[in-house]
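Undergrad:
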Amino acid sequence: MIKKLDEKYLEKLNNFLNEIDNDFPIPLSEKVNLFEFSKKVLSLGIVLAEFDGDTICGAILFYANDKETKTSYVSVLGVLKSHRKKGIAKRLLSECIKTLKEMDFKTVSLYTHKTNFSAIALYEKNGFKKETDLKRPDDWLLKLKI
195 MIKKLDEKYL EKLNNFLNEI DNDFPIPLSE KVNLFEFSKK VLSLGIVLAE
245 FDGDTICGAI LFYANDKETK TSYVSVLGVL KSHRKKGIAK RLLSECIKTL
295 KEMDFKTVSL YTHKTNFSAI ALYEKNGFKK ETDLKRPDDW LLKLKI
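According to this note's numbering, the sequence shown is numbered sequentially starting from 195.
Written out as structure tokens, the structure is:
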């Protein structure tokens, strides 16, 4: 079951991000302090998570703050290695898109490293289109009109 998280899940979210940290082509911890990032996204963004018992097994972290352009930004989508190939990422992405539609957002955007082939395949299967961003030559900018 997918649940929207609030600040009381800070420790669980931080633990989850530490668990998946090295699963990305460039670890998250090389870009941000994971604890501070967990606090920030729980207060300023939206976190949807799938649980296995008390443990977060997958989560999508996104921001829906640009009310002018109605563009949202997915910061992280990750699933524990032990829970992959079960459709969790697809369910989380679908729930994110549904949430954004309900908020009247029009576009979802995200970056992923050009070598993150499984993520690129997931996003393209769900209608995202690749674009080049000259400021981030090692990443694809992926966008979906919703």
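In this text, a Cβ means the ideal position worked out from N, Cα and C, and glycines have one as well.
Is the beta carbon of glycine 272 sitting closer than 9 Å to the one on alanine 253?
TA: Yes. Within cutoff.
Undergrad: DSSP on leucine 238, reduced to helix/strand/coil?
TA: In this structure, leucine 238 counts as helix in the three-state DSSP scheme.
Undergrad: Return the CA-CA distance between serine 269 and leucine 255, expressed in angstroms with no decimal places.
TA: Answer to the nearest angstrom: the Cα atoms are 6 Å apart.
Undergrad: State the Cα-Cα distance for the pair serine 276 and threonine 301, rounded to the nearest angstrom.
TA: Serine 276 and threonine 301: Cα-Cα distance of roughly 31 Å.
Undergrad: Based on the DSSP secondary-structure assignment, which residues constitute the bridge partners of glycine 247?
TA: Beta-bridge pairing links glycine 247 to no other residue.
Undergrad: Within 10 Å of its beta-carbon, does threonine 306 have 16 or more other beta-carbons around it, so buried, or fewer, so exposed?
TA: Buried.
Undergrad: Which word fits glutamate 224, buried or exposed, when buried means at least 16 other C-beta atoms lie within 10 angstroms of its C-beta?
TA: Counting Cβ neighbours within 10 Å, glutamate 224 comes out exposed, since fewer than 16 surround it.
Undergrad: Using a threshold of 9 Å, state whether the C-beta atoms of threonine 192 and leucine 274 are closer than that.
TA: One cannot answer for residue 192 here, as it falls past the ends of the chain, which runs 195 to 340.
Undergrad: Report the residue ranges of all beta strand (DSSP E) runs contained in full by the region 288-332; include only those spanning at least 3 residues, in chain order.
TA: Those beta strand (DSSP E) runs which fall completely within the region 288-332 and span 3+ residues are 301-307, 323-325.
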